[in-house]
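In what follows, a single structure is set out as structure tokens and then discussed.
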């Protein structure tokens with residue numbers, strides 16, 4: 197039993213975990229020695245991470261709005277001028293059985309003329325017309341599953357070929373422009389994220405470089421005693437990961453704080469348009485991306501600085 201415990205105590209896995217525990221404690225001691233400097237560094241990293249992730253969240257909300265606009269798109273069908281009441285009934289039955297149509301509204305030529313007279317202000321002129329120049333109109337609302345331009349165009353072509361439909365109209369130009377803007381926004385945000393992530397990498401690398409210089413004497417002693425470069429670098433690598441983690445937490449607080457302050461103004465704005473929209477913040481997936489990305493940037497930034505510095509330390 198004693199030999200088993202002894203072999204377990206000296207096993208490579210236990211030794212590896214023990215080394216990382218010591219490095220973790222040493223890293224936390226570094227933060228405890230200079231708490232103000234560490235806090236300011238984390239705040240700077242958090243602010244730098246806030247802008248690209250904030251833009252990413254903003255673009256995500258624009259995509260949600262764009263998706264909702266696609267769902268609210270409508271197709272207008274104009275009937276033939278000579279269409280009969282029975283043919284209108286057949287049209288209604290055809291639209292009712294179409295699996296891509298959620299609902300529709302029929303506006304007769306008479307009702308259409310009345311609405312036009314009220315809106316245009318030419319009631320007297322239109323009243324003198326012998327024949328009604330307006331056709332019957334079906335306003336068709338596609339189902340939410342029809343949420344792309346290609347699907348809407350396909351439904352438009354299908355409805356246009358229905359008997360007694362003279363023409364059909366789908367105004368997708370502004371939605372196409374919005375989609376193009378969203379795609380452009382994606383590329384712009386990714387470019388900005390790359391630049392700012394590189395800035396975080398440099399900030400952490402420079403900060404860790406200063407830390408290693410402050411512990412230059414200790415590093416020399418450890419190297420003289422036979423300590424490996426990996427053993428020496430491990431606490432500083434944890435330092436970099438902590439900087440990235442705490443910076444990511446600060447960025448998370450800033451982004452969600454801004455979203456929280458915008459919720460009420462957004463609710464008032466959407467109420468004016470008779471709709472509701474809640475700003476979407478950082479969900480679990482994006483939070484993991486932010487914190488994990490911050491830790492990775494901290495690791496690589498510190499490794500970039502520590503590896504070069506330790507190799508060049510003169511132990512003579």
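In our numbering, the protein residues as written are 197 to 512.
Glycine residues also receive a C-beta, built at the ideal position from the N, C-alpha and C atoms.
Values in this document were obtained by computation on a predicted structure and should not be read as measured data.
When secondary structure is reduced to three states using DSSP, residue 337 falls in the strand class. Boundaries of the alpha helix (DSSP H) harbouring residue 351: 345-356, taken from the DSSP string. DSSP, read as helix, strand or coil, puts residue 282 in helix.
Burial of residue 439 is indicated by the presence of at least 16 other C-beta atoms within 10 angstroms of its C-beta. Under the three-state reduction of DSSP, residue 473 is assigned to coil, being neither helix nor strand. In summary, residue 458 is exposed, with fewer than 16 beta-carbon neighbours lying within 10 Å of its beta-carbon over all protein chains present.
Contact between residue 255 and residue 378 is confirmed by a C-beta separation of about 7 Å, below the 8 Å threshold. For residue 389, the CB contacts under 6 Å within the same chain, skipping 5 residues up- and downstream, are 248 in chain order. A straight-line Cα-Cα distance of about 7 Å links residue 352 and residue 366. With a contact defined as Cβ atoms closer than 8 Å, residue 336 and residue 355 qualify at about 6 Å.
Beyond the five residues adjoining it in sequence on each side, residue 448 comes within less than 8 Å, by CB distance, of 478, 483, 486, 487 in the same chain, given in chain order. In the pairwise beta carbon analysis, the region 459-466 is classified as not touching the region 399-407: fewer than three pairs are separated by under 8 Å.
For residue 460, the enclosing alpha helix (DSSP H) begins and ends at 425-468. Taken in chain order, no unbroken stretch of alpha helix (DSSP H) lies wholly in the region 376-403 with a span of 4 residues or more. Taking 8 Å as the cut-off, the Cβ atoms of residue 429 and residue 342 do not count as close. Between the region 208-223 and the region 409-416 there are fewer than three inter-stretch CB-CB distances shorter than 8 Å, so the stretches are not counted as touching.
259 is the residue among 494, 357, 259, 303 whose C-alpha sits nearest the C-alpha of residue 382.
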